[in-house]
DNA sequence: CTGCTGGCTTGCAACGTTGCAAGTGATGCT
DNA sequence: AGCATCACTTGCAACGTTGCAAGCCAGCAG
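Protein chains in written order, with this note's numbering: chain A, 315 to 664; chain B, 315 to 664.
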């Protein structure tokens, strides 16, 4: 159906090679020939075959972004940033969702089966750990996003979870809250996010000379609204409920918020809330959500840049780039001003 | 870097073709040969080159889902459904975001430049209208999602916007509300969603013997939270503010909700709210959101099925499939029960 | 008139895979 | 022994493109 170079060449009465030269705007084509070929191209509605080009050139111009869940706003917002950054460099991003399924993650990232279509991968693992990733079959470059799961071996962008969690918790302590709880702890070995944030939470309590009360640290299976709502209900059922909660992401916080409000309690008067991720939902909830705001644009920019360097043959040692973050103070811990901002960042070394 | 059939063949001392036969599990290979080849495959870590296969077979196993915005929850949730449906048929979905940019939409859908990598496209247009779409260059099959923008020519899954909007508005009228407003009207010729929903809104008012009050119908540029918040502020500034609002999607409703609550007004006591899309955010807001719930799974299933039929050579006339929808009654218009459900659906013929 | 230069065009091969048809050698039947 | 059959294996060509090097021809200098 689609016209090929050969068909165009026949129609224009020239060789295939010359048509290719016209299509690629190579200079050494006589003006008259170029015009004739161009006419044939237009008449046949020629479109270059991307697959053949890729096979020939070894480059598809496609990079894949592999994420656990697209309907988690943080990932959706990150995706937007990655697409924008890649577009600058002339690359198209395609997104694939793994649901954290180890089988899917492995298929996409490890074997490079489908991956061979893509020049590179930006991968936010959920199930795959460092041990898995170290013996990848595929030679397609990968940049990892997320927690520090891997011991070297691959480029990696991560945020300082411990430091950020400590900052969030300290904020609640400085508000004078006495019983600061945490929602989102995780035991699962492959999911380090929860553990790291718990470390930061505990560090802040210790720094303030407080004890860590075990029943105030609630584990959740996932980081969704439903998990936050359920964990908050447990906290409220305690003999001594908390007066502040640090939720390990904004969805958990929104779920917790829903539970608190449905009990007739007030935020922040009765319970102050801090989230993590700074998704748009949290800016429009009532009350709006105080949260740790990772610099998503920076994360995307660094990830794309790191990947493009590899594609250009950069063979230097794998990089580990930390991303900046700030604490966005909004209504769920504050008065009513929505623009407050505390610095808790770290410079990115490059 | 990656091993090829030829390298494996040399190592195993057989022809390239035989290796291919082993890789593809063709029966007519002697057991002893198969074992030897398999060993060579393993030793070299052979992975088939997807690009070469695609060129040869004319099938990539990839379908593209082209959407305006991934960080709009409705699209994110729809994407999940499409990915699941396509996986059943052994297809991998890659997602591309256009931001409603006509240039990007055209590049992806019309010319098939990049598109040639994909066996088919599921496309939710924002900027491109019927006139554009009719003279596509590419022969890659497309299924359209969304409003009825096109007059024939392409397969299309849409929901009955007029009927759904009428149902939503009627619900508010039946609650006894006197001044029912609407947020999300649009004038732009390429964005029909707003206009169709306004038609349904007006139809419901007329059916109830009410007048349409022009200043109660607020246009918005986009369908984001910020637009809803701003439009609601305008409505509240009217001499006679509304006591009910039908928002043309849930994000608008969540923005409006934020404005209402920040003014100290109550939902639903002072103002009842209905949204559209049934995104997860609306189920966890306080109050939770009454909304029109399109059957996203059904939309995804039909879209994928329609596309797969085309890939299998189905040459029948383009189909227009309506999708089911229901009214989910929640707290923003109701008492407190969250499970109410009114039927307003249409059977899908297939 | 020869030979060289330069502008333009072309054929060949290859990227890695698979369909097709033909090839090989061994076995079995007459 | 001769021939057909069978089980297995192989070479060729092609998918559509582009790098490479060679080819062609006109023009011009010597």
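We treat Cβ as the ideally placed atom computed from N, Cα and C, and that holds for glycine.
- Around the beta carbon of residue 417 of chain B, fewer than 16 other beta carbons lie within 10 angstroms, which makes this residue exposed.
- Put simply, the backbone Cα of residue 441 of chain B is about 45 Å away from that of residue 631 of chain A.
- For chain B, the residues of the segment 378-394 of chain A that bring a beta carbon within less than 7 Å of one of its beta carbons are 384, 385, 387, 390, 391, 393, 394, in chain order.
- Under a 10 Å Cβ-count criterion, residue 592 of chain A is classified as buried, with 16 or more other Cβ atoms of the shown protein chains found around its own Cβ.
- In the DSSP assignment, residue 606 of chain A forms a beta bridge with A:590, A:641.
- Put simply, the CB of residue 626 of chain A is far from chain B, with every gap to its CB atoms at 8 Å or more.
- Listed in chain order, the positions of the segment 356-370 of chain B with a beta carbon within less than 8 Å of a beta carbon of chain A are 359, 361, 362, 363, 364, 365, 366, 368, 369.
- In the DSSP assignment, residue 578 of chain A falls outside any beta strand (DSSP E) and carries neither an H nor an E.
- With contacts defined by Cβ atoms closer than 8 Å, residue 348 of chain A and residue 365 of chain A do not form a contacting pair.
- Taking every protein chain shown into account, the CB of residue 521 of chain B has fewer than 16 other CB atoms within 10 angstroms, so this residue is exposed.
- Within the segment 334-391 of chain A, the alpha helix (DSSP H) runs of at least 4 residues that lie entirely inside it are, in chain order, 345-358, 364-371.
- Taking the beta carbon of residue 569 of chain B as reference, the chain A residues within 8 Å of it are 598, listed in sequence order.
- Sequence-distant Cβ neighbours of residue 406 of chain A in its own chain, meaning closer than 8 Å and more than five residues away, are 375, 376, 377, 400.
- Straight-line spacing of the CA atoms in residue 333 of chain A and residue 339 of chain B works out to 40 Å.
- Boundaries of the alpha helix (DSSP H) harbouring residue 485 of chain A: 475-488, taken from the DSSP string.
- At a cut-off of 8 Å between beta-carbon atoms, residue 618 of chain A makes no contact with chain B.
- In the structure shown, residue 538 of chain A falls within a coil segment according to DSSP collapsed to helix, strand and coil.
- Here DSSP, grouped into helix, strand and coil, assigns residue 458 of chain A to strand.
- Closest in alpha carbon position to residue 634 of chain A, among A:625, A:644, A:616, is A:616.
- Taking a cut-off of 8 Å on C-beta distances, the segment 451-460 of chain B does not touch the segment 478-498 of chain B, as fewer than three cross pairs fall below it.
- A direct Cα-to-Cα measurement between residue 355 of chain B and residue 567 of chain A gives close to 50 Å.
- Chain B places no beta carbon closer than 8 Å to that of residue 579 of chain A, leaving this residue out of the contacts.
- If you compare the alpha carbons of A:353, A:362, A:342, A:423 with that of residue 382 of chain A, the shortest gap goes to A:423.
- Rounded to whole angstroms, residue 637 of chain B and residue 479 of chain B show a C-alpha spacing of 14 Å.
- Fully enclosed beta strand (DSSP E) runs of no fewer than 3 residues occupy 494-499, 531-533 of the segment 489-551 of chain A, in order along the chain.
- Residue 584 of chain B is outside the set of residues whose beta carbon lies under 8 Å from a beta carbon in chain A.
- The beta carbon of residue 438 of chain A sits closer than 6 Å to those of 381, 459, 460, all from its chain and outside the five residues before and after it, given in chain order.
- In the DSSP assignment, the residues bridged to residue 411 of chain A are A:381.
- Sixteen is the threshold: when 16 or more other Cβ atoms of the shown chains lie within 10 Å of the Cβ of residue 496 of chain A, as they do, the residue is buried.
- Membership of residue 319 of chain B in the alpha helix (DSSP H) is indicated by the continuous run 319-326.
- Counting C-beta pairs closer than 8 Å gives fewer than three between the segment 598-615 of chain B and the segment 544-558 of chain B, which falls short of the contact rule.
- Neighbours of residue 408 of chain B across chain A, judged by C-beta separation under 7 Å: 408, 409, 410.
- Assigned with DSSP and collapsed to three states, residue 434 of chain B falls in strand.
- In the three-state reduction of the DSSP assignment, residue 570 of chain A falls in the helix class.
- With respect to the C-alpha of residue 412 of chain B, the residue from A:404, A:413, A:394 having the closest C-alpha is A:394.
- Taking the CA atoms as reference points, residue 601 of chain B sits about 31 Å from residue 501 of chain B.
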